[in-house]
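Straight run, no breaks: the sequence shown in the working numbering ends on number 378.
Taking it in order: structure first as structure tokens, then the write-up.
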Amino acid sequence: MRFNTTAIHAGQQPDPHHGAVCVPVIQSTTFAQHAPGKPFGDYDYTRAGNPTRTALETNLAALEGGSHCRVFSSGLSALQALTTLLSQGDHAICSRDCYGGTWRLLSQLVSRWGVEISFIDTTLLDSVIQAIRPTTKLIFVETPTNPLMRLSDIAALADLAHAHNLLLAVDNTFSTPYFQRPLELGADIVLHSCTKYLGGHSDLLAGALITSSAKLDEAFFFAQKSIGAVPGPSDCALLLRSTKTLGVRMERHYDNALRIAHWLQEHDAVTHVYYPGLPEHPQFELAHRQMRGFGGMLSCELRDTDTALRFCSSLHLFTLAESLGGVESLVNHPTTMTHASLPPAYRAEIGLGDNLVRLSVGIEDLEDLLEDLAAALQ
Numbered sequence: 001m002r003f004n005t006t007a008i009h010a011g012q013q014p015d016p017h018h019g020a021v022c023v024p025v026i027q028s029t030t031f032a033q034h035a036p037g038k039p040f041g042d043y044d045y046t047r048a049g050n051p052t053r054t055a056l057e058t059n060l061a062a063l064e065g066g067s068h069c070r071v072f073s074s075g076l077s078a079l080q081a082l083t084t085l086l087s088q089g090d091h092a093i094c095s096r097d098c099y100g101g102t103w104r105l106l107s108q109l110v111s112r113w114g115v116e117i118s119f120i121d122t123t124l125l126d127s128v129i130q131a132i133r134p135t136t137k138l139i140f141v142e143t144p145t146n147p148l149m150r151l152s153d154i155a156a157l158a159d160l161a162h163a164h165n166l167l168l169a170v171d172n173t174f175s176t177p178y179f180q181r182p183l184e185l186g187a188d189i190v191l192h193s194c195t196k197y198l199g200g201h202s203d204l205l206a207g208a209l210i211t212s213s214a215k216l217d218e219a220f221f222f223a224q225k226s227i228g229a230v231p232g233p234s235d236c237a238l239l240l241r242s243t244k245t246l247g248v249r250m251e252r253h254y255d256n257a258l259r260i261a262h263w264l265q266e267h268d269a270v271t272h273v274y275y276p277g278l279p280e281h282p283q284f285e286l287a288h289r290q291m292r293g294f295g296g297m298l299s300c301e302l303r304d305t306d307t308a309l310r311f312c313s314s315l316h317l318f319t320l321a322e323s324l325g326g327v328e329s330l331v332n333h334p335t336t337m338t339h340a341s342l343p344p345a346y347r348a349e350i351g352l353g354d355n356l357v358r359l360s361v362g363i364e365d366l367e368d369l370l371e372d373l374a375a376a377l378q
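If you want it as structure tokens, here you go:
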């Protein structure tokens, strides 16, 4: 099946008991058993499994072209589950200009457990090669990165990782499986903050780990039931509702963002635009190789910090808020919001300045968004 058909049908067959077209929300936390240790079916306790969650996991695995998926209560809890693959003394490599919450979890929590994390420029293959140690077990990349929209070559990193017996995990939150399929490019694991585009309506928290390895899936299931950071059945049902429209939403996000990126390039108050769909992007060719569309996220630098702050506060249709990927447009000032946990010196090192603004372009009418941006830039 093609993408939009898969989004609507994978894991979502009519209920065999009542014929309901929508997957039922099985709200129960526990399930009856015939005898001790012998449940009626596949479920005994919702932390370890729930029919609504199983339908969602089947759907997300199919969308990414994987065979297994485990969902979690947020993107960061999915990342925590990913780190359970690491043990004391292990080493992992991570994209240096990553989401602030990713940096905080890895640098301030996971590092306490005796796991070493190197934050490097994963857009440069030589830098990754130089960072690999005998204790390295995992390469984890965001591509595009948040918020500087830098791309890592997934296929090249997969070849490198497998040549050194390492795992490659890719955060595919920005692109979604509609525009980028890391497993098909050789990645072992795909991570999502489903809170963003997969949910798409700013009304739920969830995360996912998707793979084609039964061994990795078993490890993620163990983390899921042991840590217990799983979404409730209602959130799973909301997310299943949302994935049905993922393809049509992403086309609109992409169309609006590309046209806004070109418009911002021409504005006197804007000094630089970060968007993979622009020919001026340093990895434009790579973007065309591994993506089939460039999504709804972009960032831009304004003349100075004061201009950036006034711009954020002057928009009306772009709501000043954290998060991204909803149908409504959002504006974010990373250094005071999503990336405030990064030390100022580290932000300067990766090129994240106080004059940078991130836009999550929604699916509103383009002309209204352009009018809002023009008024704010005045």
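Even for Gly, the Cβ is constructed at its ideal location relative to N, Cα and C.
Bear in mind that the values here come from a model prediction, so they are computed numbers and not experimental data.
| request: Check whether the Cβ of Pro343 lies closer than 7 Å to any heavy atom of the ligand FMN, and answer yes or no. | output: The ligand FMN is absent from the structure shown, which contains no ligand whatsoever.
| query | For Ala237, which residues from the same chain have a beta carbon less than 7 Å from its beta carbon, with the 5 sequence-adjacent residues on both sides left out? | reply | Your numbering for residue 237 matches position 237 in the sequence shown. For Ala237, where only same-chain residues beyond five positions count, the Cβ hits under 7 Å are Val23, Val25, Thr52.
| query | For His162, is the classification buried or exposed, using 16 other Cβ atoms within 10 angstroms of its Cβ as the cut-off for buried? | reply | On the sequence shown, position 162 is the one that residue 162 refers to. Exposed is the call here.
| request: Can you check the segment 42 to 121 for any beta strand (DSSP E) of at least 3 residues that lies completely inside it and give the ranges in chain order? | output: Runs of the beta strand (DSSP E) inside the segment 42 to 121: 68 to 72, 91 to 95, 116 to 120.
| request: Can you have a look at Thr338 and say buried or exposed, based on whether 16 or more other CB atoms are within 10 angstroms of its CB? | output: On the sequence shown, position 338 is the one that residue 338 refers to. Its Cβ being crowded by 16 or more others within 10 Å, Thr338 is buried.
| Roughly how many whole angstroms lie between the Cα atoms of Trp113 and Ser87? | Walking along the sequence shown from the start, residue 113 turns up at place 113. Walking along the sequence shown from the start, residue 87 turns up at place 87. The alpha-carbon atoms of Trp113 and Ser87 are separated by roughly 8 Å.
| query | Taking only runs of the alpha helix (DSSP H) that begin and end inside the segment 239 to 287, which ones reach a length of at least 4 residues, in chain order? | reply | As far as the segment 239 to 287 is concerned, its whole alpha helix (DSSP H) runs of at least 4 residues are 246 to 265.
| said: Using 8 Å as the threshold, is the C-beta distance between Gly75 and Ser193 below it? | reply: In the sequence shown, residue 75 corresponds to position 75, counting from 1. In the sequence shown, residue 193 corresponds to position 193, counting from 1. Yes.
| Taking one C-beta from the segment 220 to 235 and one from the segment 259 to 279 each time, how about it: are there three or more such pairs within less than 8 Å? | The answer is no - the segment 259 to 279 does not touch the segment 220 to 235, with fewer than three Cβ pairs under 8 Å.
| said: Quick check on DSSP: helix, strand or coil for Thr319? | reply: Reading the sequence shown from its first residue, position 319 is the one you call residue 319. It is a strand residue.
| query | Are the beta-carbon atoms belonging to Gly295 and Phe140 less than 8 Å from one another? | reply | On the sequence shown, residue 295 is found 295 positions in, with the first residue counted as 1. On the sequence shown, residue 140 is found 140 positions in, with the first residue counted as 1. The criterion of a C-beta distance shorter than 8 Å is not satisfied by Gly295 and Phe140.
| task | Could you pull the start and end residues of the alpha helix (DSSP H) that Ala348 belongs to? | result | As a working note, residue 348 is residue 348 in the sequence shown. Taken as a continuous stretch (DSSP letters only), the alpha helix (DSSP H) holding Ala348 covers 344 to 350.
| Does the segment 3 to 18 come close enough to the segment 243 to 257 to have 3 or more Cβ pairs within less than 8 Å? | Touching, per the Cβ criterion.
| request: Kindly indicate which residue of Ser107, Ser111, Ser313, Gly232 has the alpha-carbon position closest to the one of Phe72. | output: Within the sequence shown, numbered from 1, the residue matching residue 72 stands at position 72. Measuring from the Cα of Phe72, the nearest candidate turns out to be Gly232.
| task | Kindly give me the distance between the Cβ atoms of Ala257 and Val357, rounded to whole angstroms, as I take these residues to be in contact under 8 Å. | result | Here residue 257 is taken as the residue at index 257 of the sequence shown, counted from 1. Here residue 357 is taken as the residue at index 357 of the sequence shown, counted from 1. Ala257 to Val357, Cβ: 14 Å. No contact.
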